[in-house]
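Written below as structure tokens is the structure these notes are about.
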Amino acid sequence: MSHPLLRFAALPLAAALCAHAPAALAKPLGEGGVALSARTDVPVLVGLSAAVEGPHRLRGQLSLGVMPGPYVDLTNAAMTKYEVYSENVATIIDSALRRSLVTRVEGGWRPLPERGLVVLGGYQLLALGGDTTELSAFGEAMDGRLLSSAQDVTGDIEVGVSAHQLTAGAGWEWSPAPRLHVGANLGFAGTVATRSMARTTREARNAVGQTISDDVTTGVASYLDYVFDEWVHLPMIGVSVGWRLK
């Protein structure tokens with residue numbers, strides 16, 4: 012069965028690839044080539060990318076950007092529609108990923124000398140985002156007595172994650188005009204490690220309240236790690252448009 016997000020995203024890439032004539036498709040970046048591009052990889056990144064090709068058609072690529080709120084919404088809409096996870100989990104993921112910065116470093120190869128097919132693999136970090144969410148969103152993962160005693164102690168919970176992912180994908184690039192560099196790709200990012208953060212929005216008034224707050228934040232951070240390790244594995248569909256520097 013295909014990943015639910017592919018049902019939302021596959022058509023635009025197919026249209027982009029079919030819209031260009033074979034003559035345009037036969038102009039890859041080439042050895043020694045450098046390109047800077049604006050790119051988007053739905054549902055992960057909107058930002059900038061730099062690509063360089065070395066000897067033997069080996070490729071290096073760096074992408075920097077942000078994960079927009081609508082992309083988080085798209086992920087949650089697809090996952091909840093096909094009952095991959097619950098609305099509560101969607102709320103948690105939404106809060107943890109809001110305004111995340113995305114860094115991706117990739118290496119790869121262009122296997123066909125005169126064609127634009129490129130295969131890439133690498134590492135991606137989602138970090139420095141996050142937002143507040145109601146404590147009740149973690150009710151499924153928290154002891155009922157702790158949840159009850161914490162309601163008036165902690166306030167809401169501020170959450171964030173650093174999600175470490177491995178990526179793999181393939182794409183096609185072409186030059187429909189001199190120095191214009193266009194690409195389209197399909198890929199996948201799988202979470203391999205997560206470091207989660209949780210803080211209460213209300214300060215404890217005494218030692219008992221501090222103990223409750225510590226138990227809540229420890230439990231919330233542990234559950235966030237579980238959520239991302241279990242469910243945040245994302246197909247990506249990308250388009251880039253840029254300029255060849257050489």
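Throughout the sequence shown, residue numbering follows the numbering used here, covering 12 to 257 in sequence.
Note that beta-carbon positions come from the ideal geometry of N, C-alpha and C, so glycine has one too.
Everything numeric in this text was worked out from a predicted model, so none of it was measured.
Grab me the residues of glycine 220's own chain with a C-beta within less than 6 angstroms of its C-beta, minus the 5 sequence neighbours each way, in chain order.
Contacts found: Val164.
Pick from Ala232, Val83, Gly58, Ser48: whose alpha carbon is nearest that of glycine 171?
Residue Ala232 is the option with its Cα nearest to glycine 171.
Between which two residues does the beta strand (DSSP E) carrying glycine 259 extend?
Missing from the structure shown is residue 259; the chain here goes from 12 to 257 and no further.
In whole angstroms, what separates the C-alpha of alanine 107 from that of glycine 71?
Looking at the two C-alpha atoms, the distance is approximately 30 angstroms.
Which residue spans inside the segment 175-222 form an unbroken beta strand (DSSP E) run of at least 3?
The segment 175-222 contains these whole beta strand (DSSP E) runs: 191-211.
Rounded to whole angstroms, what is the Cα-Cα separation between valine 203 and glycine 127?
Distance between the alpha carbons of valine 203 and glycine 127: 30 angstroms.
Verify whether the separation of the beta carbon atoms of tryptophan 183 and glycine 198 is less than 8 angstroms.
No, these two residues do not count as a Cβ contact at 8 angstroms.
Grab the span of the alpha helix (DSSP H) containing serine 9 for me, first residue to last.
Only positions 12 to 257 of the chain appear in this structure, which leaves residue 9 out of reach.
Please report the straight-line C-alpha distance between valine 45 and glutamate 145, rounded to a whole angstrom.
One C-alpha to the other measures close to 47 angstroms.
Within 10 angstroms of the Cβ of phenylalanine 217, are there 16 or more other Cβ atoms? Answer buried if so, exposed if not.
Before going on, a small fix: residue 217 reads as asparagine here, not phenylalanine. So asparagine 217 counts as exposed.
Which residues mark the beginning and the end of the alpha helix (DSSP H) in which leucine 47 is found?
Segment 45-53 is the beta strand (DSSP E) holding leucine 47; no alpha helix (DSSP H) there.
In whole angstroms, what separates the C-alpha of aspartate 236 from that of serine 74?
Roughly 25 angstroms separates the two Cα atoms.
By how many angstroms is the C-alpha of glycine 141 removed from the C-alpha of leucine 112?
Taking the straight line from one Cα to the other gives about 10 angstroms.
To the nearest angstrom, how far is the alpha carbon of valine 77 from that of arginine 115?
Those two C-alpha atoms are separated by around 11 angstroms.
When the distance is taken between beta carbons, is glycine 118 closer than 8 angstroms to valine 130?
No, the Cβ-Cβ distance between valine 130 and glycine 118 is not below 8 angstroms.
Excluding sequence positions up to five away, which residues of its chain have a Cβ less than 8 angstroms from the Cβ of isoleucine 103?
Only Thr144, Ala148, Phe149, Val170, Tyr234, Leu235, Val238 meet the Cβ criterion.
On the DSSP letters alone, give me the boundaries of the beta strand (DSSP E) that valine 83 sits inside.
Valine 83 -> not in any beta strand (DSSP E); alpha helix (DSSP H) instead, spanning 80-92.
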